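For reference, the structure is listed below as structure tokens.
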Amino acid sequence: MLAQDKEQRNWKPIIKQFEAVLGKNGVVQRREELITYECDGLTSYRQRPAVVVLPRTTEQVAELVKICDRNSIPFIARGAGTGLSGGALPIENSVLIVTSLMRQILKIDLENQRVIVQPGIINNWVTQAVSGAGFYYAPDPSSQIICSIGGNVAENSGGVHCLKYGVTTNHVLGLKLVLPDGSIVEVGGQIPEMPGYDLTGIFVGSEGTLGIATEITLRILKSAESICVLLADFTNVEAAGASVSDIISAGIIPGGMEIMDNISINAVEDVVCTNCYPRDAAAILLVEIDGLAVEVAANQQRIAEICQKNGARNITIASDPEQRLKLWKGRKAAFAAAGHLSPDYYVQDGVIPRTQLPYVLSEIENLSQKYGYRIANVFHAGDGNLHPLILYDNSILGALEQVEELGGEILKLCVKVGGSISGEHGVGSDKKCYMPEMFTASDLETMQLVRQAFNPKGLANPGKIFPTPRTCGEAATAMGETTKQFEKIERF
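Those letters in the sequence shown? Residues 0 to 491, per numbering that gives the first Met the number 0, in order.
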């Protein structure tokens, strides 16, 4: 049934059922309007869904999923569409359930440091809602001004502050879920630890393959008494990496530590014009320290000494909120700024042990020279989460295949040194074929058993995370096939 051609399925009665739940304005079916939803932030993979539905409540999501279940129609949940691994990529003849209209903050409980939100709430809105009372929401992906909490939950997103405060799963207390058969369940609760199986932990990071989160209870934190940001620039990337290891070895856990290489520095200065990042530096290290004022002052001095010992040329320290924001502005805009360097770029997301940072960066440079593509490196240095951006021109025949192969070699390198193929972007469609690099066949089979327990018909986000007979490095071919398929899609 999942492979059923659109011509063989009568969509009109199904669409009428969707409209009965949402009204006509809640259903998108016109061919030209569906183009908006044919990919997420990984634009090298594209597939137009058959129908897009826009619910506003848990009950509406449940009714839509029940319709899909009765008719054996695959469905994919999508938030803001900022994901970078193809996690929200539709498959042919699927229904895309878009939660972008579910944007309510349902409850703010400052006394117990929690908020309950719908999945369409933008990440940064949570902090804005509670900052006046001296609280904030810690997970902060670079796309936090546009990415949604539902997507963060699906991908277990991280961000600058994940070194000290953890990723999304460390801040989700409970979830209201719509399972793939349309039933509504609640997992977790309103306290950090619940007895029994950690079903909340299983769901966070499952990339929409176990159901759809429609209400999310988040933990919020009290703002620190004192915060400062330190920027150190170096004449080589290895020295910046060594400073990261030495800071952690000294027993200091900063709020965040980020490294940008020379390519990224100049891209940011060209686009954002912070005038904070020295263009001739091989790398910059950004370190944020937070806590009690006396603690921050002491750690600030120790970190400066460590950076100087490793050859830092200059150190800038900012304690004023506006100055801190200015120092972070470039890092937050690094992915967007890369678009200034090249017509296209392909971003990867791997994790390595911190001690392997100098070796891995050297190997990435060797791969760059071998394949003939420049690579800009931006990463969460504190927890070893690399984001190499491979610069290329998709209009050149064969370039995408080569870039995908290069990206795959970087992921294999991460696994080789004891790391992972994903730190926060998820596996999705992009990296599923590299799962056997990390896991045995028995491991993958066990994971599938968990998936089948929630999703026995395989209707919820099929084709994601786990390897299929299709091989890696085929996005360009897939795009060509998809274009031919589009030509066959009938107009409603």
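No residue lacks a Cβ here, since even glycine has one placed at the ideal position from N, Cα and C. Computed from a prediction, not measured in an experiment: that's the story for all the values here.
So, at 7 Å on beta carbons, what are the nonlocal neighbours of residue i in its own chain, with the 5 sequence-adjacent residues on each side left out?
i           : result
residue 298 : 251, 288
residue 57  : 175, 177, 183, 213, 214
residue 479 : Its pLDDT being 46, under 50, residue 479 is placed unreliably by the model, and the measurement read from it follows with that caveat. Closer than 7 Å at Cβ, skipping near neighbours: no residue.
residue 475 : With a pLDDT of 46 at residue 475, under the threshold of 50, the modelled position of that residue is not reliable, and the figure given next carries that caveat. 399, 400.
residue 63  : 17, 20, 52, 54, 96
residue 65  : 181
residue 484 : For residue 484, the pLDDT reaches just 42, beneath the cut-off of 50, and the residue's location in the model is therefore unreliable, leaving the point undetermined.
residue 402 : 345, 372, 389, 391
residue 137 : 160, 164, 170, 220
If I measure Cβ to Cβ from residue i and keep anything under 6 Å in the same chain, skipping five residues before and after, which residues do I get?
i           : result
residue 460 : 75, 207, 208
residue 146 : 79, 81, 122, 140
residue 419 : 350
residue 241 : 309
residue 277 : 232
residue 260 : 236, 282, 376
residue 362 : 412
residue 85  : 41, 44, 427, 428, 429
What distance in whole Å lies between the Cβ atoms of residue j and residue i, which are believed to be in contact at a cut-off of 8 Å?
i           : j           : result
residue 281 : residue 234 : 5 Å
residue 11  : residue 134 : The pair is not a contact, with the Cβ atoms about 49 Å apart (cut-off 8 Å).
residue 154 : residue 425 : 4 Å
residue 291 : residue 225 : 7 Å
residue 28  : residue 88  : About 19 Å separates the two Cβ atoms, so there is no contact after all.
residue 255 : residue 159 : 4 Å
residue 379 : residue 227 : 19 Å between Cβ atoms; not a contact.
Give the DSSP bridge partners of residue i, in chain order.
i           : result
residue 391 : 343
residue 232 : 283, 313
residue 375 : 388
residue 259 : 283, 377
residue 216 : 115, 173
residue 221 : 134
residue 74  : 94, 459
residue 540 : Absent from the structure is residue 540, since the part of the chain shown begins at 0 and ends at 491.
residue 121 : 147
residue 349 : 385
residue 250 : The partner list for residue 250 (beta bridge, DSSP) is empty, contrary to what the question assumes.
residue 185 : 175
residue 227 : 288
Might you give, ordered along the chain, the residues of its own chain that have their beta carbon closer than 8 Å to the beta carbon of residue i, omitting 5 neighbours on each side?
i           : result
residue 392 : 341, 342, 343, 398
residue 365 : none
residue 437 : 414, 419, 420
residue 26  : 14, 17, 18, 50, 51, 52, 53
residue 267 : 259, 273, 276, 329, 330, 332, 333, 336
Discussion item. Under 8 Å: do the region 312–326 and the region 370–385 share three or more Cβ pairs, one atom per stretch?
Written reply: no
Worksheet entry | beta strand (DSSP E) segments (min. 3 residues) lying fully within the region 80–106 | 94–97
Item to complete: Please confirm if the region 36–54 is in contact with the region 114–121, defined as three or more CB-CB distances below 8 Å between the two stretches.
Response: no
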